[in-house]
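Colleague: FYI, the numbering for the sequence shown is 995 to 1148, going by the numbering used here.
Can you keep this structure in mind? I'll have questions shortly.
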Amino acid sequence: MKLLFELSGEHPDLPAAELECVGTVLDRRTQVAVAECPDPLAAGRLALTHVVMEYLGECEPTKEAFASLLRDLAITTDKPFAGRVKLIQGARMDIERLDLERLIGTLITGPVSLQNPIEEYRAVVSDDRCYFGRVILRIDRGAFEARNPMRRPF
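In structure tokens, the structure reads:
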């Protein structure tokens, strides 16, 4: 299954290297990667990843290209959903983040719920690409951060 990963920005290479353990990296930009993973649930063990998404598509970082991508996908859902956008530092986009989220809510057919969504569709803009996916899981980094050397008693 083709997945989209929102990576941590703690290190430039380690998150992508860790990703190789669960799949084959097909594309990589700053804090985002696309990988082919035979077992999507194995991605839940990644420590340097924030969000794992089902890859739905990618486009140029323009309003017109993103709207065209959403129209081509013609997503319909019965479940309440929210549209979220993450702009990675250095991303070039010709539209504000809030307007992109509004565009997602407009072009996906179904009930929108910003307070209690069951599904979340997420756009990640990094460098010169805009990636779009449906959130499968969020990584709880609590155990990883608890092992931080600064928290040791000695």
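No residue lacks a Cβ here, since even glycine has one placed at the ideal position from N, Cα and C.
In three-state DSSP terms, what is residue 996?
Modeller: Residue state, collapsed to three classes: strand.
Colleague: Could you tell me which residues DSSP pairs with residue 1103 in its beta bridges?
Modeller: Residue 1103 is bridged to 1070.
Colleague: Where does residue 1031 land, buried or exposed, given buried means 16+ other C-beta within 10 angstroms?
Modeller: Looking at its Cβ environment, which holds 16 or more other Cβ atoms inside 10 Å, residue 1031 is buried.
Colleague: Tell me the DSSP secondary structure of residue 1120 in three-state form.
Modeller: Residue 1120 falls in the strand class under three-state DSSP.
Colleague: I need the straight-line Cα distance from residue 1110 to residue 1117, nearest angstrom please.
Modeller: One C-alpha to the other measures close to 19 Å.
Colleague: For chain B, check one thing: does any of its Cβ atoms lie closer than 8 Å to the Cβ of residue 1036?
Modeller: Going by chain labels, chain B is absent from the structure shown, which holds only one protein chain.
Colleague: For residue 1084, count neighbouring C-beta atoms within 10 Å of its own C-beta (all shown protein chains included) and say buried if the count is 16 or more, exposed if not.
Modeller: Residue 1084 comes out exposed.
Colleague: Excluding the 5 residues flanking residue 1130 on each side, which residues of the same chain have their C-beta closer than 7 Å to its C-beta?
Modeller: 1034, 1046, 1047, 1048, listed in sequence order.
Colleague: For a test of the three-state rule: what should DSSP assign to residue 1084, helix, strand or coil?
Modeller: Coil, per DSSP.
Colleague: So, with DSSP's three-state summary, where would you put residue 1040?
Modeller: The answer is coil: DSSP assigns residue 1040 none of H, G, I, E or B.
Colleague: For the stretch 1098-1109 against the stretch 1002-1017, are there 3 or more C-beta pairs whose distance is under 8 Å?
Modeller: In short, these stretches do not touch, since the Cβ pair count stays below three.
Colleague: DSSP puts residue 1053 in a beta bridge; with which residues?
Modeller: 1124, per the DSSP bridge assignment.
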